[in-house]
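Remarks on the structure that follows.
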Amino acid sequence: MTRVIVSVTDEQLAALDDVVSHLRDAGMAVEDVQELLGTVTGSVEPAALAALQDVPGVADVELQRDVRPS
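If you count by our numbering, then the sequence shown holds residues 2 to 71, one letter each, in order.
Shown next, in the form of structure tokens:
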């Protein structure tokens with residue numbers, strides 16, 4: 002599974018619960034919802050990444066990068 006951060010459009014912040022529901026339907030395992038920031042974090046199978054971008058209200062889907070000390 003690939004960890005992702007989904008940004009929600011300003012216009013859909015009032016309907017954030019609906020957007021989260023649609024993200025789950027698209028295959029995302031939602032781990033956290035930051036209502037004030039309008040972001041949703043979680044993981045998804047790589048093959049389902051494009052489906053997340055197609056969810057109404059999604060502004061952007063970014064891969065979450067882990068920073069590890071060297």
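Just so you know, even glycine gets a beta-carbon here, dropped at the ideal spot from N, CA and C.
As the structure is a computational prediction, the values presented were derived from the model and not from experiment.
Can you give me the start and stop residues for the beta strand (DSSP E) that residue i sits inside?
i, result
"Leu24", "Careful: Leu24 lies outside any beta strand (DSSP E), inside the alpha helix (DSSP H) at 17-26."
Rank the options by C-alpha distance to the C-alpha of residue i and give the top, closest one.
i, options, result
"Leu64", "Ala15, Leu14, Met29, Pro57", "Met29"
"Asp18", "Val45, Ala48, Val34", "Val34"
"Leu53", "Arg25, Leu37, Arg66", "Arg25"
"Glu36", "Ala15, Glu46, Val45, Ala51", "Ala15"
From the DSSP output, read off the bridge partner residues of residue i.
i, result
"Asp61", "Ser8"
"Asp33", "Thr42"
Along the chain, where does the alpha helix (DSSP H) that runs through residue i open and close?
i, result
"Leu53", "50-54"
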